[in-house]
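Counting along the sequence shown from 1, when you hit position 168 you're at 193 in the numbering used here, and nothing is skipped either side. Right, one structure below, let's go through it.
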Amino acid sequence: MLRDLIAETRSAVALDAGWSPTAALVAEALERHLPTPGELTAEQRLGDADRYVTHLLHAEDDGSFSIVALTWRPGQQTPIHDHVTWCVFGVIQGVEYEELFTLDDSGTCLVPAGSAAAPVGEVSAFAPPGDIHRVRNIGDDTAISIHIYGTDVSRIGSSVRRVYDLPVLQLSSM
Ligand SMILES: [Fe+2]
Numbered sequence: 026m027l028r029d030l031i032a033e034t035r036s037a038v039a040l041d042a043g044w045s046p047t048a049a050l051v052a053e054a055l056e057r058h059l060p061t062p063g064e065l066t067a068e069q070r071l072g073d074a075d076r077y078v079t080h081l082l083h084a085e086d087d088g089s090f091s092i093v094a095l096t097w098r099p100g101q102q103t104p105i106h107d108h109v110t111w112c113v114f115g116v117i118q119g120v121e122y123e124e125l126f127t128l129d130d131s132g133t134c135l136v137p138a139g140s141a142a143a144p145v146g147e148v149s150a151f152a153p154p155g156d157i158h159r160v161r162n163i164g165d166d167t168a169i170s171i172h173i174y175g176t177d178v179s180r181i182g183s184s185v186r187r188v189y190d191l192p193v194l195q196l197s198s199m
């Protein structure tokens with residue numbers, strides 16, 4: 026239930042344990058209380074033909090965290106980006122594919138640093154730095170994920186710190 030998720034996230038954030046420990050605690054809360062698609066409205070589940078859509082589900086009054094649902098039609102993806110704060114997300118419908126990157130020493134290229142497909146029920150947590158990533162719906166159906174950020178995204182507009190419009194080095198296995 027979203028109500029339980031909000032309450033447990035509030036308790037975790039109140040411990041003021043730092044970004045990584047807080048993200049780990051919030052991930053446990055999301056695993057326990059992962060909302061179902063049925064808790065979203067039909068409009069929130071629908072998605073958009075042009076791009077993935079963000080729906081604000083909760084913004085904490087003191088600005089300490091917010092919860093959003095992201096709805097992705099097949100093939101839709103984020104740019105490569107990182108965040109201003111910790112982020113926890115869980116997939117509640119479909120499959121999301123996440124690619125991680127690091128900046129090379131010159132800061133002018135991205136280096137692939139791993140990838141994984143996240144099915145329904147999978148919860149992941151990030152705390153900057155080291156959170157440069159791109160997310161894509163690789164399934165044939167609309168995907169939905171719940172994201173919790175350590176800030177009120179409705180106040181600051183977005184949790185994205187930077188979009189990386191840089192070439193990606195192709196790693197050779199040879
Ligand atoms: Fe992200």
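The beta-carbon is built from N, C-alpha and C at its ideal position, and this holds for glycine as well. In this text, all values refer to a predicted model and were calculated from it rather than measured experimentally.
Around the beta-carbon of residue 118, 16 or more other beta-carbon atoms lie within 10 Å, marking it buried. When distances are taken from the beta-carbon of residue 116 to the heavy atoms of ligand 1, even the shortest one reaches 7 angstroms or more.
Excluding the 5 residues flanking it on each side, residue 58 has same chain C-beta neighbours closer than 7 angstroms at 26, 29, 30, 33, in chain order. Here residue 105 carries a coil assignment [DSSP, helix/strand/coil]. Exposed is the label assigned to residue 76, since fewer than 16 other Cβ atoms lie within 10 Å of its Cβ.
For residue 160, the enclosing beta strand (DSSP E) covers residues 157-162. With three or more CB-CB distances shorter than 8 angstroms, the region 156-172 counts as touching the region 99-112. Taking 8 angstroms as the upper bound for CB-CB distance, residue 140 and residue 128 are not in contact here, some 17 angstroms apart.
Remark: three or more beta-carbon pairs, one from each stretch, lie closer than 8 angstroms, so the region 137-154 and the region 105-115 are flagged as touching. Taking the C-beta atoms as reference points, residue 98 is found nearer than 8 angstroms to residue 74.
Per DSSP, residue 180 is not a residue of any beta strand (DSSP E); the alpha helix (DSSP H) it occupies stretches across 178-181. Listed in chain order, the non-local C-beta contacts of residue 51 below 6 angstroms within the same chain comprise 34, 37, 113, 173, local neighbours out to five positions each way being set aside. Distance between residue 131 and residue 64, taken at the CA atoms: about 46 angstroms. Relative to the non-hydrogen atoms of ligand 1, the Cβ of residue 160 comes within a distance shorter than 7 angstroms of at least one.
By the Cβ neighbour-count rule, residue 48 is buried, with 16 or more other Cβ atoms within 10 Å of its own.
Residue 85 and residue 196 have their alpha carbons spaced roughly 42 angstroms apart. For residue 122, DSSP records a beta bridge to 142, 161.
In the three-state reduction of the DSSP assignment, residue 167 falls in the coil class, being assigned neither a helical nor a strand state.
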